[in-house]
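As numbered in this note's numbering, residues 123 to 374 make up the sequence shown, in order. Using N, Cα and C, we set each Cβ at its ideal position, and we do this for glycine too. To keep things clear, I will list the structure first and then write my remarks on it.
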Amino acid sequence: MQLAEMNWPAVAALPKSTPVVIPIAALEQHGRHMPVFTDSLLLGEVVRRASERTGDRVLWAPLTWIGNSDHHLDFPGTVSAAPRIYLDLLNNLFENFIFHGFHRLLFINGHGGNIVPAQQAVFETRQRHRQRNDLLLLSATYWLLGAKPHELAPGIAQQRMGHACEWETSMVLRLTPHLVHGHDQTQPVEFGKPFESANRGWITKDRSAPGHIGDPRTASADKGEIMFRAFSDDVVNLLERMIAWDGKSWSG
């Protein structure tokens, strides 16, 4: 079910145990070869595929295209909500649906810079409603739900998500190939080892002059289709667990 297509009486009539999914992404630079709307395009396709399979068992909010992208602001075309503003936005999105009675809520994320704010918003919301024991509040990033594309096709070299990399470029080639320009001529930018396993603060220019991270040269639409299938499968599996949750247990 798409919230944007419903009237308020139809929303009010839904069982309040219906999972509500809030897709969050970004509008930011993706190197010289990719569109600034990449994260939102890709998450939108993952969501589209998952929503077709969940039918009227899940309520899907419209995709929130603005994200926490301050680390990309040195590159024109990036539009960002500053970290604390973005955190307030996410908190309020959850509070809206809680106010209307829903109690199984999920941020499904498509941008690396949103991971920490989404987790923090889930944490803060739970503390505000600490007297309740019926809330299931989750955040998840679609490429971190378990799929390993490099194990599904021998031609996929990259083993983790980068930025405008083999993975993202492949998916955009599958979805909107006319928006990709010159990826096969783009030089790779290594992931590096930023004082791991510590978490280093960074802006994109610390890591990459052209704006991408990874190697997009071997990207292909066929690889993108494999990734879309795997990532949407993961999202559906998570939603099935939310639907099946007994409303009180820790595990699900």
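Leaving aside the five residues that flank W187 on each side, the residues in its chain whose CB is nearer than 8 Å to its CB run, in chain order, A147, A148, L149, F159, S162.
Between H225 and L267, the CB-CB gap reaches or exceeds 8 Å. Note on geometry: alpha-carbon atoms of D328 and P338 lie some 19 Å from one another. Looking at the DSSP output, F229 bridges to I144, S261.
Assigned with DSSP and collapsed to three states, G336 falls in strand. In the three-state reduction of the DSSP assignment, M156 falls in the strand class. Q241 is the residue among Q241, G346, H285 whose C-alpha sits nearest the C-alpha of P205. In the same chain as D306, and ignoring 5 residues on each side of it, the C-beta atoms closer than 6 Å to its own belong to R339, in chain order.
In this structure, W265 is the residue among H222, G189, L125, W265 with its C-alpha nearest to the C-alpha of W289. Exposed is the label assigned to P184, since fewer than 16 other Cβ atoms lie within 10 Å of its Cβ.
Put simply, the segment 267-282 touches the segment 347-358. At least three CB pairs are less than 8 Å apart.
Under the 8 Å Cβ criterion, the segment 360-373 does not count as touching the segment 304-323, having fewer than three qualifying pairs. In this structure, the alpha-carbon of N231 lies about 20 Å from that of W324.
Here the C-alpha atom of R171 lies approximately 10 Å from the C-alpha atom of L165. Taking each of N321, T263, R250, F229 in turn and checking the Cα distance to I144, the smallest one comes out for F229. Here S342 carries a coil assignment [DSSP, helix/strand/coil]. Our two residues, L295 and A203, have alpha carbons roughly 28 Å apart in a direct line. The three-state secondary structure of G177, taken from DSSP, is helix.
The beta-carbon separation of L181 and M123, rounded to 5 Å, stays under the 8 Å limit for a contact. Under the three-state reduction of DSSP, V201 is assigned to strand. Using a Cβ distance threshold of 8 Å, P157 and L297 do not count as a contacting pair.
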